[in-house]
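Read the structure below first, then the notes.
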Amino acid sequence: MKSPLTRIAFVLALAALAPAASSAQDEPVQFKDNTVIPQIRTDLAGVPGKQVIANIYVVPAGNTVPRHFHHGDEFHLVLSGTWQAEVEGRPTRVLNAGDSQYVDGGRWHGGKVLGSEPLRLLGLMIVDKDKPVTEVVPAK
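1379 is the number that my numbering gives to position 113 of the sequence shown; each next residue is one higher, with no gaps.
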């Protein structure tokens, strides 16, 4: 496989064979105005203690996603809308449909939806099974 995006698509295709389970109950209350559409949740083959979770997030225009982190890595792909993305230790970026970003495990991330269109974002995580999927970073 040539590119990281090709590898991620391959993982998604393999994981699609497993039954999906809702992860909306794992989302902290700070995300209550945003919609989580579960796609995949399965053990990562050959890697004990890790799981793959894929969700589509729908965030209304003008809404924010509070700073949070995962115990593992996450890949974001903007499906529609415009996202002002923040990742700990990196410059803020504006992502449009078709843009993507990678967030190393443990880095906080969040952001704001820009414009009048809701954000639709695919989030693919490889995380530790024995830890909470999402933890919110306390406000300063």
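Built from N, CA and C at the ideal position, the CB exists for glycine as well.
This structure is a prediction, so every number in the text was calculated from the model and none was measured.
Excluding sequence positions up to five before and after residue 1367, its CB lies within less than 8 Å of the CB of 1341, 1342, 1351, 1353, 1359, 1361, all in the same chain and listed in chain order. Here residue 1397 has 1337 as same chain residues with Cβ atoms under 8 Å from its own Cβ, once five neighbours each way along the sequence are excluded. If you look at residue 1334, you'll find it in the beta strand (DSSP E) that goes 1330-1335. Taking 8 Å as the cut-off, the beta carbon of residue 1349 is found closer than this to the beta carbon of residue 1387. Excluding five sequence positions before and after residue 1401, the CB atoms of its chain that fall closer than 7 Å to its own CB belong to 1334, 1335, given in chain order. According to DSSP, residue 1343 shares a beta bridge with 1366, 1388. Secondary structure of residue 1378 (DSSP, three-state): strand. Considering only 1332, 1326, 1299, 1339, the residue with the shortest C-alpha distance to residue 1310 is 1339. A distance below 7 Å between beta-carbons, with the five flanking residues on each side excluded, links residue 1317 to the following residues of its chain, in chain order: 1307, 1308, 1309, 1310, 1393, 1395. Taking the Cα positions, residue 1328 is about 26 Å away from residue 1372. Close CB contacts of residue 1365 within its chain, under the 7 Å cut and outside five residues either way in sequence, are with 1344 (chain order). The Cβ-Cβ distance between residue 1376 and residue 1332 falls below 8 Å. Of the residues assessed, residue 1381 falls on the exposed side of the cut-off, its CB having fewer than 16 other CB atoms within 10 angstroms. Spatial neighbours of residue 1314 in its own chain (CB-CB distance under 6 Å, excluding positions within 5 residues in sequence) are not present.
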